[in-house]
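Heads up, the thing below is written out as structure tokens.
Protein chains in written order, with our numbering: chain A, 117 to 716; chain B, 55 to 297.
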């Protein structure tokens, strides 16, 4: 697998060929090269540049944008610990320390023999069965000190990943409450047959009447999106399913992709029929790579059943097929225009809008981008009848919603409710006690305290993409916010000044407060940074990056203030502490070798 | 006329396809900007040109002009935001104006003066950015790069060479050159390239001519950037007033 030293060029040919020698497939090519060699060797960069006739700086630019692609060797085994706050609450840091001790390694470094590296990665979507990690891109759940020791041993003995115990890789669905989406009684083709009985305009009209709104968080009317796409002029139209489920604390798409893939593809096919698209893409986050083969099997079954491919269900001229693209570790690609850039093989930078993807999307053609759950819901609405669908939920939030529950509760996992369920009901169902706060819809969403637990999930009150992280009264909400601030700094694409610089500075200020060097001035700086991020950032990432701090400051200000020194100014470092090394070297520890408090 | 919008209370005429920034500059109204260059398609990364349109804040260089818009630009609130953005850029890189060859000709410095930025305001990041002196005629001092992307566009779109590209993500984002060695000497870069001329700060510098123009007699020494930028912008032909 890791043929360091041998020529890489012969193994490149089939990869390039598989992707049609198309520069638009650059990210997919690089992902395959990474998978084959454990990194992207310089010879491969040169070869790809020459073969595709693109600048090699572009390849380096793309490769260095995505966390899972590496231009230098990162060990035969790359161990990445998932670092969402829920992983932290389950003890991922002590497990990481244990792994580092086991392998005599510092985080972020590659061992001298090139065997292994250890690091952190953003939420892997396994919050209901964490702490989790990725080993060469494969997810391992339910880490324990015992499991960490076993993994350390397997690495040292250079056991190939394929031969590791299968139970490491088990990902459970943990469905605790199912509704129409999860216990769908229909068979593949039912929604398509219903749609084929209508005209294109009628399908769009039906989706509009169903009241379906996007499940990725923004809540835009799906019917209006499809209508705009249907009416937009274009030589080709595309359907794109956003399965880049990166919002920390969200894992409902993981379960839909595992159990309802057929239904998601059915929704995409219905959309294709409505807007007149011939091609669809599923953009699957790299962390869910283990789902790639099962998903491809589902696509193949659908082709064999006449539900995909040429003349679908015998309707001459209704041709549509779906290809799966893998992401490579970039949260920002969950933003639809960044996702399209990434699909085109570029750095995932959100585009300037207007124009919007519905008129100028993939390859500048009209493109309907919807979330996994949205496509599943669209198919469901057509199969069960839009009036029945509309009867579920509330007036402005029809249908049901999958909630990913994690954190301090007895039963983390997936809960499907009609829209309009209260936060307290969810807390009761999942067995949460002494709850201090709930983070709704992930770090970019909102944090609420007990006085708001009667609020309801839905577009009228608390819109959510599905994350529901529970914190009990043993938790320090400042640390929760700090974890989220680190997340945004790590995931900022760096395109615009406020987000690139602001998220990093916010991180440094939060760290300064955590280390006990914070002052009132730092809180004012946090508020100033929040304002700049919120008002001037290019996309939603920067505009919401300050939410965790704003919301926790509002509800849990004492958690911040208890960490402040009651001074107007405090240097970011410990002056006396800085002399420790000099004291060690001179063997002194007398009063004269210390700075007195008044000097400091 | 029908194709007009309001900018700080003034009527600004525009041609369809123009952005708010383009129309404003053409009509003789200055909106502070850094990564916008009249000869290139605006991409809106620096956010200095942020304005308020019907209550929403957005970049004026990429915002299409529309009839009837009410745009606020020269307000205390927006200028305070711009000041913070300039401070962020100063803190992000390594900018030592007194020793910089570009001092007086530098857009970042000129904006700092014009927006009354008196201190960096933030902790300096002091990034480690080695200088590339490999090219016989050109020095690349990445310490001063503000990631405006103008050289990337100029080299690709005008010079047809793709000498520059952006790599990394977030605060690690940086400018790279298109050579296996990563060195400018191993590219087809030339001093006559458009990319040489567009750098608004002191990254791409001509060797052997440093300080030939005395400090005090430079572009922004004579007049503030708010006046100079208007002179540089493509203007509406005389007699075709949009007022």
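Quick reminder that beta carbons are idealized off the backbone N, C-alpha and C, glycines included.
Bear in mind the structure is a predicted one, so any value in this text is a computation, not a measurement.
What does residue 59 of chain B reach in chain A if we use C-beta pairs closer than 8 angstroms?
-> Along the second chain, read from residue 1 onward, the residue named residue 59 of chain B stands at position 5. Per Cβ cutoff of 8 angstroms: no residues; residue 59 of chain B is ~16 angstroms from chain A at best.
When the Cα atoms are used, what is the spatial distance from residue 188 of chain B to residue 139 of chain B?
-> Here the question's residue 188 of chain B lines up with position 134 in the second chain. Here the question's residue 139 of chain B lines up with position 85 in the second chain. Roughly 32 angstroms separates the two Cα atoms.
Rounded to a whole number of angstroms, what is the C-alpha to C-alpha distance between residue 279 of chain B and residue 208 of chain B?
-> What you label residue 279 of chain B is simply residue 225 of the second chain in a count that begins at 1. What you label residue 208 of chain B is simply residue 154 of the second chain in a count that begins at 1. Those two C-alpha atoms are separated by around 22 angstroms.
Range of the contiguous beta strand (DSSP E) that encloses residue 520 of chain A | Translated into the one-based positions of the first chain, residue 520 of chain A becomes position 404. Residue 520 of chain A -> beta strand (DSSP E) spans 516 to 523.
How many Å lie between residue 230 of chain B and residue 529 of chain A at the Cα?
-> Residue mapping note: residue 230 of chain B aligns to position 176 of the second chain, counting from 1. Residue mapping note: residue 529 of chain A aligns to position 413 of the first chain, counting from 1. Computed Cα separation, rounded: 44 angstroms.
Flag residue 120 of chain A as yes if its beta-carbon sits less than 7 angstroms from any beta-carbon of chain B, otherwise no.
-> Sequence index remark: in the first chain, residue 120 of chain A carries index 4 (1-based). Here the model assigns residue 120 of chain A a pLDDT of 46, short of 50, so the residue's position is not dependable, and the following value carries that caveat. Not one chain B Cβ lies under 7 angstroms of residue 120 of chain A.
Hey, does residue 99 of chain B have any beta-carbon neighbour from chain A nearer than 7 angstroms?
-> By one-based count along the second chain, residue 99 of chain B stands at place 45. Taking Cβ atoms only, chain A reaches closer than 7 angstroms to residue 99 of chain B, which makes this a yes.
Shortest alpha-carbon distance to residue 371 of chain A belongs to which of A:521, A:422 and A:310?
-> Taking the first chain and counting its residues from 1, one reaches residue 371 of chain A at position 255. Residue A:521 is the option with its Cα nearest to residue 371 of chain A.
Terminal residues of the alpha helix (DSSP H) in which residue 652 of chain A lies | Counted from its first residue, the first chain places residue 652 of chain A at position 536. Note, residue 652 of chain A: alpha helix (DSSP H), 636 to 652.
Excluding sequence positions up to five away, which residues of its chain have a Cβ less than 8 angstroms from the Cβ of residue 343 of chain A?
-> Reading the first chain from its first residue, position 227 is the one you call residue 343 of chain A. Excluding positions up to five away in sequence, the list reads 320 and 324.
Mind checking residue 260 of chain B: buried by the 16 CB within 10 Å criterion, or exposed?
-> To locate residue 260 of chain B, count along the second chain from 1; it is residue 206. Under this definition residue 260 of chain B is an exposed residue.
What in chain A is Cβ-close to residue 232 of chain B, meaning under 7 angstroms?
-> Here the question's residue 232 of chain B lines up with position 178 in the second chain. What residue 232 of chain B touches in chain A: 171, 172 and 173.
Whole-angstrom C-beta distance between residue 642 of chain A and residue 142 of chain B, which should lie under 8 angstroms = Indexing the second chain from 1 puts residue 142 of chain B at position 88. Indexing the first chain from 1 puts residue 642 of chain A at position 526. So it is not a contact: roughly 14 angstroms between Cβ atoms.
Pick helix, strand or coil for residue 151 of chain A, following the three-state DSSP scheme.
-> For the purposes of this step, residue 151 of chain A is taken as the residue at position 35 of the first chain. Residue 151 of chain A: helix per DSSP, three-state reduction.
Spell out whether any CB of chain A is found under 7 angstroms from the CB atom of residue 216 of chain B.
-> Your numbering for residue 216 of chain B matches position 162 in the second chain. So, interface residue.
Around the Cβ of residue 418 of chain A, are there at least 16 other Cβ atoms within 10 angstroms (buried) or fewer (exposed)?
-> The residue given as residue 418 of chain A occupies position 302 in the first chain. When all chains shown are included, residue 418 of chain A counts as buried.
Distance, Cα to Cα, residue 250 of chain A vs residue 281 of chain A?
-> Your numbering for residue 250 of chain A matches position 134 in the first chain. Your numbering for residue 281 of chain A matches position 165 in the first chain. Going from the Cα of residue 250 of chain A to the Cα of residue 281 of chain A covers about 15 angstroms.
Are residue 304 of chain A and residue 516 of chain A closer than 7 angstroms when you measure CB to CB?
-> To locate residue 304 of chain A, count along the first chain from 1; it is residue 188. To locate residue 516 of chain A, count along the first chain from 1; it is residue 400. Not in contact: residue 304 of chain A and residue 516 of chain A (Cβ atoms no closer than 7 angstroms).
What does a CB cutoff of less than 7 angstroms around residue 179 of chain B pick up in its chain, not counting 5 residues either side in sequence?
-> Taking the first residue of the second chain as position 1, residue 179 of chain B is located at position 125. Taken in chain order, the residues that qualify are 145 and 146.
Three-way DSSP call (helix, strand, coil) for residue 142 of chain B in this model = In the second chain, the residue the question calls residue 142 of chain B occupies position 88. Reduced to three states, the DSSP call for residue 142 of chain B is helix.
Cβ pair count under 8 angstroms reaching 3, the region 353 to 361 of chain A against the region 479 to 493 of chain A = yes
Is DSSP giving residue 231 of chain B helix, strand or coil here?
-> Translated into positions along the second chain, residue 231 of chain B becomes position 177. It is a strand residue.
Alpha carbon to alpha carbon, what distance is there between residue 63 of chain B and residue 23 of chain B?
-> The displayed coordinates of chain B run from 55 to 297. Any statement about residue 23 of chain B would go beyond what the structure contains.
Name the DSSP bridge partner or partners of residue 249 of chain A?
-> Residue mapping note: residue 249 of chain A aligns to position 133 of the first chain, counting from 1. Paired residues: A:197 and A:256.
At a cut of 8 angstroms, does the region 111 to 129 of chain B reach the region 627 to 638 of chain A through at least three beta carbon pairs?
-> no
Which residues, taken in chain order from the region 458 to 489 of chain A, show a beta carbon closer than 8 angstroms to some beta carbon of chain B?
-> 463, 468 and 470
Residue 177 of chain B: buried (16+ other C-beta within 10 angstroms of its C-beta) or exposed?
-> Looking up residue 177 of chain B in the second chain gives position 123. Result: exposed.
Going along the chain, which residues of the region 127 to 159 of chain B sit with their C-beta nearer than 8 angstroms to a C-beta in chain A?
-> 135, 138, 139, 142, 143, 145 and 146
Residue 698 of chain A versus residue 626 of chain A: straight-line alpha-carbon distance, rounded | Numbered from its first residue, the first chain carries residue 698 of chain A at position 582. Numbered from its first residue, the first chain carries residue 626 of chain A at position 510. About 29 angstroms.
Stretch-stretch touch, CB-based, cutoff 8 angstroms, three pairs: the region 205 to 225 of chain B with the region 166 to 182 of chain A = yes
Determine whether the Cβ of residue 176 of chain B lies closer than 7 angstroms to any Cβ atom of chain A.
-> Numbered from its first residue, the second chain carries residue 176 of chain B at position 122. Interface residue, yes.
Spatial neighbours of residue 600 of chain A in its chain, beta-carbon cut-off 6 angstroms, leaving aside the 5 residues before and after = Numbered from 1 along the first chain, position 484 holds the residue referred to as residue 600 of chain A. Excluding sequence neighbours, residue 600 of chain A sits near 559 and 664.
Among A:217, A:193 and A:347, the one whose alpha carbon lies nearest that of residue 232 of chain A = Locating residue 232 of chain A in the first chain gives position 116, counting from the first residue. Among A:217, A:193 and A:347, the Cα nearest to that of residue 232 of chain A is on A:193.
Sheet register partners of residue 399 of chain A (DSSP bridge) = By one-based count along the first chain, residue 399 of chain A stands at place 283. Bridge partners of residue 399 of chain A: A:358 and A:441.
Can you find at least 3 beta carbon pairs, one from the region 439 to 455 of chain A and one from the region 143 to 163 of chain A, that sit closer than 8 angstroms?
-> yes
Between residue 634 of chain A and chain B, is there a C-beta pair that is closer than 7 angstroms?
-> What you label residue 634 of chain A is simply residue 518 of the first chain in a count that begins at 1. So, not an interface residue.
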